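Residue 2 is where the sequence shown starts when you use our numbering, and the numbers rise one by one after that. Where a beta carbon is used, it is the ideal one built from N, C-alpha and C, also for glycine. Remember, predicted model here, so these are calculated numbers, not experimental data. Working notes for the structure below.
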Amino acid sequence: MMIDSDELTDVAKTLAWYKSNFFEGCEESFVADFMVFCWQAVDPGRVASLDLDDETVDACADMLSELKLFVDERCGEWGAPAFWRRYIDWADYAADFPLDECKLFMRETVGYLEPSFFVFTTTGGTEMRSEAMTIFAEYSQSRKARAAYVRSVIESRLTTDSFYQRSR
């Protein structure tokens with residue numbers, strides 16, 4: 002069962018839900034969802050717009066650090082948690098994340114198309130458009146922070162494409 006609202010509308014409630022449902026052998030998609038939720042919850046713009054208290058922000062930041070360690074120690078090298086671990090470090094700390102490595106996540110994990118959003122946006126929309134659109138459609142009704150983030154990145158790229166086409 003999942004919480005019944007957008008994850009980021011009540012950060013403390015969502016954090017408590019994730020923590021109560023997190024366990025050693027939980028599915029990789031749950032770990033990835035939990036990581037992205039914590040990462041998005043500590044985004045400075047989100048903290049300000051939701052007027053989050055320091056205790057909640059600190060709890061999310063601490064949990065994100067714990068989840069990164071969990072991924073490093075217990076998750077496979079190529080699944081969703083490992084992708085998000087790499088992506089978050091790229092986004093927050095400018096850690097190197099070559100496109101070839103990103104594409105390996107899709108080759109090494111059958112059916113895992115999510116990294117295509119990164120390839121699609123990083124290449125200016127020239128690579129993996131159909132895969133990114135598949136993920137975009139798949140995530141269109143999800144209220145999870147991970148899905149909302151991926152959708153927003155793809156939408157931003159599509160908006161840029163649209164603006165460029167109109168200005169020609």
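Should residue i go down as buried or exposed, given a rule of 16 or more other Cβ atoms within 10 Å for buried?
i	result
L68	buried
R147	buried
K20	exposed
L53	buried
F24	exposed
V43	buried
V37	buried
V111	exposed
Looking at residue i: is its Cβ nearer than 8 Å to the Cβ of residue j?
i	j	result
A1	P82	It is not possible to answer for residue 1, since the shown part of the chain is limited to 2 through 169.
L105	T135	no
L16	A62	no
R158	T122	yes
E28	R144	no
E128	V120	yes
Q41	Y140	no
Select from the options the residue whose C-alpha is nearest the C-alpha of residue i.
i	options	result
V12	L159, C27, V48	V48
D93	W79, S66, R75	S66
G126	E156, W91, L51, W18	E156
Here's a check: name, in chain order, each residue in its chain whose Cβ is nearer than 6 Å to the Cβ of residue i, leaving out the five neighbours to either side.
i	result
P116	F84, C103, F106, M107
Give me, in chain order, the residues of the same chain whose beta-carbon lies closer than 7 Å to that of residue i; leave out the 5 immediate sequence neighbours on both sides.
i	result
V154	F118, T122
Threshold first: 3 residues or longer. Then list the beta strand (DSSP E) segments lying entirely within the segment 125 to 149, N to C. none
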